[in-house]
Structures are given as C-alpha cells and as structure tokens.
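Visitor:
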Amino acid sequence: IITGEHLEDKSVVYFQSNKINIECLEGIEAFEESDIDGEKGPDFPLKITVLHQALKVLS
Numbered sequence: 329i330i331t332g333e334h335l336e337d338k339s340v341v342y343f344q345s346n347k348i349n350i351e352c353l354e355g356i357e358a359f360e361e362s363d364i365d366g367e368k369g370p371d372f373p374l375k376i377t378v379l380h381q382a383l384k385v386l387s
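Okay, so the sequence shown: first residue is 329 according to our numbering, each after it adds one.
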C-alpha cells in the first residue's frame with residue numbers, strides 16, 4: 329500500500345467520496361456483518377460519511 333502498487337491492480341476499485349454506502353449482493357448470507365481487523369463489525373449495509381474537520385490533532 330505504501331508504494332501505491334495496489335492502485336494498478338485491476339481487481340482494486342479506487343475512488344474518492346465524502347459519503348459511501350456498502351451493501352452485499354442479494355443471496356449472499358455469508359456476509360451479513362462486516363469484519364473490522366478480524367473482529368465482528370456492524371451489520372450491512374454500511375453507511376460511511378466523512379465529517380470534515382471533526383477531529384482536532386495536536387502535534
């Protein structure tokens with residue numbers, strides 16, 4: 329990922345957005361919930377929104 333080589337892989341879809349909805353195809357019961365770093369995540373569909381300037385970072 330650091331070198332950016334994954335962006336050249338034809339199986340990778342890359343885009344930028346402020347909002348994204350992720351759904352599973354109908355009939356795929358194996359993916360009723362998401363996986364976050366090996367742990368059970370929230371159920372699908374996922375709705376992800378970027379909150380612009382919502383986090384203050386101190387350096």
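Note that CB positions come from ideal geometry on N, CA and C, so glycine has one too.
In angstroms, rounded to a whole number, what distance separates the CA positions of Gln381 and Leu353?
Guide: Going from the Cα of Gln381 to the Cα of Leu353 covers about 33 Å.
Visitor: Per DSSP, which one or two residues make a beta bridge with Asn349?
Guide: Lys375
Visitor: Who are the Cβ neighbours of Lys375 in its own chain at under 7 Å, not counting the five residues just before and after it?
Guide: Asn349
Visitor: Among the candidates Leu386, Lys384 and Leu379, whose CA atom is the shortest distance from the CA of Ser345?
Guide: Leu379
Visitor: Is the separation between the beta-carbon of Glu360 and that of Pro370 shorter than 8 Å?
Guide: no
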